[in-house]
Amino acid sequence: MLQQIFPPLSARSQNYLNQWNGQITRKRLFHSRLREAYRLWPQKNKVRNHTFQEVRKNLKALAGPLECCQYCGRPEANQMEHIYPKAFYPEKTFVWENLLWICDKCNTAKGERFSVFHNGQKIALQTSLASGQRNRQAPLQGPSVFFDLRQEDPMPFIHLDLATGLLLSQASPGTREHERTEYTLKLLRLSERNGLIQARKQAVRDYFWALKAYIQSNPKNRQAAQKVIQEMAYPIVWAEMKRQHHMYPPLAQLFAQAPEALNW
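With the working numbering, the residue at position 229 of the sequence shown is 351, and numbering never jumps.
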């Protein structure tokens, strides 16, 4: 759950995305835009499509060689995600800033589920896709409850317990930030998937020993040792170890020996 800042697409690819999105947005009725989005997306999102080759390449650029999920950090992400689901926001189907690279478990957990704040209340948007019918009316409008990692940094409101591997809200109860954090974590089941929790606990140990190896390495090999850390899975663990290092004496000692690592 780290903010994702991607390099821009080439002018050529961005132009194609704009053209395809224009075919959707020029439709006057919502259900017509929705139908066009569901027609165009599988037609254009193909391996041989040069525009989507670049889209995938740029999305994977931040996922690292392990192709870590941009929601949970799990390796081997393999699916393109619409942050704002096209079932409710067909006009965002080909918007570059609405795409992420995620794993199948996060994709299954989130699916087309989405909520907005409408008139001060959290409203879950309803879809009739399960019954084979497309929505005929536009959804209620309002700010997203779910964190948009392309535009927002959720880290001020999220806390990873390094001992238990649980992700928790650290926003003040009763605030909108707390409600958003709780909703996002629960929707993706980030503190409910036992395998994920155990993997984060193991990642704490792996990052600890990788940092120790960096400190003990020959100065000529330190760049390679740094790269190992920067390409490891579960990057939120590393982010939290840096943020919380002063709370754990063994970590504080390591970062005191390698203060430059706080900027990785």
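C-beta atoms are modelled at their ideal positions from N, C-alpha and C, and glycine is treated no differently.
Within 9 Å, strictly: CB atoms of residue i and residue j
i    : j    : result
R355 : L181 : Note that residue 355 corresponds to Ala in the displayed sequence, not to Arg. No, they are not a contact pair.
C225 : R196 : yes
L124 : I351 : no
P265 : F239 : yes
E198 : N229 : no
F106 : E234 : Past the edges of the chain, shown from 123 to 386, lies residue 106, and the structure says nothing about it.
K149 : E158 : yes
I319 : G287 : yes
Q263 : F152 : no
R322 : K227 : no
L162 : W218 : no
Y193 : K232 : yes
Three-state class that DSSP yields for residue i in the structure shown
i    : result
K168 : coil
A246 : strand
E213 : helix
F174 : helix
A374 : helix
M363 : helix
W386 : coil
L131 : coil
Q201 : strand
L181 : helix
L288 : coil
L271 : coil
L221 : strand
K149 : coil
Y305 : helix
L139 : helix
E353 : coil
With 16 other Cβ atoms within 10 Å as the buried cut-off, status of residue i
i    : result
I127 : exposed
A293 : buried
E213 : buried
S132 : exposed
N220 : buried
T215 : buried
W331 : exposed
Q379 : exposed
Q243 : exposed
V402 : With the chain covering 123 to 386 only, the question about residue 402 has no answer from this structure.
E362 : buried
P130 : exposed
P276 : buried
T297 : exposed
N143 : buried
Test: residue i CB closer than 9 Å to a CB of chain D
i    : result
L131 : Among the chains of the structure shown, chain D does not appear; only one protein chain is present.
Rounded straight-line distance, which links the Cα of residue j to that of residue i
i    : j    : result
E304 : D283 : 15 Å
A374 : H367 : 5 Å
P295 : Q141 : 44 Å
T249 : D328 : 42 Å
E301 : Y370 : 29 Å
P278 : R365 : 11 Å
F174 : E353 : 24 Å
P341 : Q348 : 11 Å
A164 : N171 : It is Pro, not Ala, that sits at residue 164 in the sequence shown. Rounded to whole angstroms, P164 to N171 spans 11 Å at the Cα level.
L333 : S135 : 39 Å
F236 : S339 : 47 Å
Q146 : K208 : Strictly speaking, residue 146 in this sequence is Ile, with Gln absent from that position. Roughly 11 Å separates the two Cα atoms.
L289 : H281 : 6 Å
L247 : R311 : 19 Å
A185 : C191 : 7 Å
L156 : L384 : 46 Å
Beta bridge counterpart(s) of residue i as assigned by DSSP
i    : result
S266 : V238
S154 : According to DSSP, which records beta bridges pairwise, S154 is partnered with nothing at all.
I280 : S291
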